[in-house]
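*Asks:* The following block contains the structure, expressed as structure tokens.
In full-length UniProt numbering, the protein residues as written are 1 to 387.
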């Protein structure tokens, strides 16, 4: 592994967060609230989402009163400890008759060729997909915020992570290329596990989804940012919320998350390369999973790699731990030595906040490769040479 060179101690001050972004997210296939609460653990990060599928579990309407009370208790503890709660918000709306998000907004969902609401599949659930170009989408977004307040309470949420908003559809496991006979195979692969390209938008224009597919994440982001909470008697200002998106249009600079990182030295290098390159092209806030997020992780074999990954991430703008089991938070590392060392790394990062805030008053990229500052030295021109 080459020695790591990058501009150190640069970070990002994000609106309502009032601190550098430290984010923890547990992932998995759980969609029942009882199962999500059973595996929940407080990891003492500055912000967390409890579980990526919390939003879906609340839509199902199968939670007991006891589970709902336990969730409220956890949220109260999070808020009283000063931790920020960020709701992971998939675009999927569970197509159950008892789900008010589905029943009261049927006009804004994508339709199939027969004019019926298209139902895909996500984590074994039947789901519908909002069209964020629909003329009534503002009303849906306002109803969504009201619904969240009813389920979780006001002044509970500090932001959203818009996950799976390339419109994951588990039912599309094979693409028949009769419509695009001459497309290369890699294009057909890209069309798997997302909604069909020819679904129509659900208003009178009848445009096909393919025309806005690559903009969907940005459309969702902008719609939520534009919600005027004064119209729904709420007290938060969503324009100040931290909102990160899993997909975006090139040129947009909203916070971004990426997933499907293996745990390996090669992916660690890719982690550094992506953040450095993204920063100088306008993406200042890229949240990649520390120690990866796939099942390639082995807590014994990858102990030293995870320590090095935490060390590097401590100087990055967006400090994000996000994975399923086996988890990668400090308390789940292989030894007490690793756990203590990583916690010290996190504390040192917090001690540098004042310096971070000074840096962000400049118009320079928050973190950048060496050639940005040392452009007269041709040895720094290759990105790989900076890592």
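Beta carbons: idealized from backbone N, C-alpha and C, even for Gly.
Can you check whether the CB of residue 24 is closer than 8 Å to the CB of residue 48?
*Replies:* Taking the first residue of the chain shown as 1, we reach residue 48 at position 48. Taking the first residue of the chain shown as 1, we reach residue 24 at position 24. In contact: residue 48 and residue 24 (Cβ atoms closer than 8 Å).
*Asks:* Can you tell me whether DSSP reads residue 243 as helix, strand or coil?
*Replies:* The residue you call residue 243 lines up with position 243 of the chain shown. Here residue 243 sits in strand by DSSP.
*Asks:* Decide if residue 66 is buried, meaning its Cβ has at least 16 other Cβ atoms within 10 Å, or exposed.
*Replies:* Working through the chain shown from its first residue, we reach residue 66 at position 66. With fewer than 16 Cβ atoms within 10 Å of its Cβ, residue 66 is classed as exposed.
*Asks:* Would you tell me roughly how many angstroms separate the C-alpha atoms of residue 62 and residue 365, rounded to the nearest one?
*Replies:* What you label residue 62 is simply residue 62 of the chain shown in a count that begins at 1. What you label residue 365 is simply residue 365 of the chain shown in a count that begins at 1. Rounded to the nearest angstrom, the two C-alpha atoms are 46 Å apart.
*Asks:* Consult DSSP for residue 303 and reduce its assignment to one of helix, strand or coil.
*Replies:* Taking the first residue of the chain shown as position 1, residue 303 is located at position 303. If DSSP states are grouped into helix, strand and coil, residue 303 belongs with the helices.
*Asks:* Quick one: any contact between the segment 91-105 and the segment 224-234, if contact means 3 or more CB pairs under 8 Å?
*Replies:* The segment 91-105 is not in contact with the segment 224-234.
*Asks:* Go through its chain and collect everything with a Cβ distance to residue 147's Cβ below 7 Å, but skip five positions before and after it.
*Replies:* Numbered from its first residue, the chain shown carries residue 147 at position 147. The answer, listed in chain order, is 100, 101.
*Asks:* Return the bridge partner residues of residue 194 from the DSSP annotation.
*Replies:* To locate residue 194, count along the chain shown from 1; it is residue 194. In the DSSP output, where bridge partners are listed per residue, residue 194 has 168.
*Asks:* Tell me which same chain residues have a C-beta within less than 6 Å of the C-beta of residue 349, skipping the five on either side of it?
*Replies:* As a first step, residue 349 must be located in the chain shown, where it is residue number 349. 314, listed in sequence order.
*Asks:* Start and end of the alpha helix (DSSP H) containing residue 57?
*Replies:* The residue you call residue 57 lines up with position 57 of the chain shown. Unbroken alpha helix (DSSP H) run through residue 57: 54-60.
*Asks:* What residue range is occupied by the uninterrupted alpha helix (DSSP H) comprising residue 342?
*Replies:* In the chain shown, the residue the question calls residue 342 occupies position 342. Per DSSP, residue 342 belongs to the alpha helix (DSSP H) from 336-351.
*Asks:* Can you tell me where the beta strand (DSSP E) holding residue 120 begins and where it ends?
*Replies:* Within the chain shown, residue 120 is the residue found at index 120, counting from 1. Per DSSP, residue 120 belongs to the beta strand (DSSP E) from 120-122.
*Asks:* Determine the DSSP secondary structure at residue 50, reduced to helix, strand or coil.
*Replies:* Within the chain shown, numbered from 1, the residue matching residue 50 stands at position 50. Note: residue 50 maps to coil in three-state DSSP.
*Asks:* How far does the alpha helix (DSSP H) with residue 318 in it extend, from its first residue to its last?
*Replies:* Locating residue 318 in the chain shown gives position 318, where the first residue counts as 1. That residue, residue 318, is in no alpha helix (DSSP H); its beta strand (DSSP E) goes 318-323.
*Asks:* Please report the Cβ distance between residue 341 and residue 303, rounded to the nearest whole angstrom; I am assuming they are in contact, meaning their Cβ atoms lie under 8 Å.
*Replies:* Along the chain shown, one-based indexing puts residue 341 at 341. Along the chain shown, one-based indexing puts residue 303 at 303. Incorrect: roughly 10 Å between the Cβ atoms, too far for contact.
*Asks:* Leaving out the 5 sequence neighbours to the left and right, which residues in its chain are closer than 7 Å to residue 262 when beta-carbon positions are compared?
*Replies:* The sequence position of residue 262 within the chain shown is 262, counting from 1. Counting only Cβ-Cβ distances below 7 Å, and skipping sequence neighbours, we find 292, 294, 296.
*Asks:* DSSP three-state label for residue 369, please.
*Replies:* Walking along the chain shown from the start, residue 369 turns up at place 369. Note: residue 369 maps to coil in three-state DSSP.
*Asks:* Contact between the segment 79-88 and the segment 106-116: three or more CB pairs below 8 Å?
*Replies:* They do not touch, by the three-pair rule.
*Asks:* Assuming contact is defined by CB atoms lying nearer than 8 Å, are residue 244 and residue 255 in contact in what I supplied?
*Replies:* Indexing the chain shown from 1 puts residue 244 at position 244. Indexing the chain shown from 1 puts residue 255 at position 255. Yes, the Cβ-Cβ distance between residue 244 and residue 255 is below 8 Å.
*Asks:* Just verifying my parser: in three-state terms, what is the DSSP assignment at residue 8?
*Replies:* The residue labelled residue 8 in the question sits at position 8 within the chain shown. With a pLDDT of 30 at residue 8, under the threshold of 50, the predicted position of this residue should be treated as unreliable, though the coordinate-derived value follows. In this structure, residue 8 counts as coil in the three-state DSSP scheme.
*Asks:* With 16 other CB atoms within 10 Å as the buried threshold, where does residue 344 fall?
*Replies:* Residue mapping note: residue 344 aligns to position 344 of the chain shown, counting from 1. Exposed.
*Asks:* Three or more beta-carbon pairs under 8 Å between the segment 28-44 and the segment 127-134, yes or no?
*Replies:* Touching, no, given that fewer than three Cβ pairs across the two stretches are closer than 8 Å.
*Asks:* For the alpha helix (DSSP H) containing residue 218, name the first residue and the last one.
*Replies:* For this step, residue 218 is matched to residue 218 along the chain shown. Run containing residue 218: 216-225, per the alpha helix (DSSP H) assignment.
*Asks:* Between the C-alpha atoms of residue 298 and residue 193, what's the straight-line distance to the nearest angstrom?
*Replies:* Indexing the chain shown from 1 puts residue 298 at position 298. Indexing the chain shown from 1 puts residue 193 at position 193. Cα to Cα, the separation comes out at about 28 Å.
*Asks:* Kindly list the residues whose CB is nearer than 8 Å to the CB of residue 30, restricted to its own chain and excluding five residues on each side of it in sequence; keep chain order.
*Replies:* Counting from 1 along the chain shown, the entry for residue 30 is found at position 30. The residues are 36, 39, 51, 53, 57.
*Asks:* In whole angstroms, give me the CA-to-CA distance for residue 276 and residue 288.
*Replies:* In the chain shown, counting from the first residue as 1, residue 276 sits at position 276. In the chain shown, counting from the first residue as 1, residue 288 sits at position 288. Their backbone Cα atoms lie some 12 Å apart in a straight line.
*Asks:* Can you check DSSP and say which residues form a bridge with residue 258?
*Replies:* The residue labelled residue 258 in the question sits at position 258 within the chain shown. The partner list for residue 258 (beta bridge, DSSP) is empty, contrary to what the question assumes.
*Asks:* Give the range of the alpha helix (DSSP H) segment to which residue 279 is assigned.
*Replies:* For the purposes of this step, residue 279 is taken as residue 279 along the chain shown, with counting starting at 1. Note, residue 279: alpha helix (DSSP H), 265-280.
*Asks:* Give every residue of the same chain whose Cβ lies closer than 7 Å to the Cβ of residue 444, excluding the five residues on either side of it in the sequence, and list them in chain order.
*Replies:* Since the displayed the chain opens at 1 and closes at 387, residue 444 lies outside it and no answer follows.
*Asks:* Is it buried or exposed, residue 2, if we count other Cβ atoms within 10 angstroms and call 16 or more buried?
*Replies:* Working through the chain shown from its first residue, we reach residue 2 at position 2. With a pLDDT of only 35 at residue 2, under 50, the local geometry of the prediction cannot be trusted, and no value is derived from it.
*Asks:* Taking DSSP as the reference, what is the three-state secondary structure of residue 33?
*Replies:* Sequence index remark: in the chain shown, residue 33 carries index 33 (1-based). Looking at residue 33 - three-state DSSP - the assignment turns out to be helix.
*Asks:* I'd like to confirm the pairing. Which residues does DSSP put opposite residue 388 in its beta bridges?
*Replies:* An answer regarding residue 388 cannot be provided, because it is not within the stretch 1 to 387 covered by the chain.
*Asks:* Going straight from the alpha carbon of residue 145 to that of residue 70, what length do you get?
*Replies:* The residue you call residue 145 lines up with position 145 of the chain shown. The residue you call residue 70 lines up with position 70 of the chain shown. Cα-Cα distance, rounded: 21 Å.
*Asks:* Would residue 162 and residue 221 qualify as a contact pair, given that the criterion is a beta-carbon distance under 8 Å?
*Replies:* On the chain shown, residue 162 is found 162 positions in, with the first residue counted as 1. On the chain shown, residue 221 is found 221 positions in, with the first residue counted as 1. Yes, these two residues count as a Cβ contact at 8 Å.
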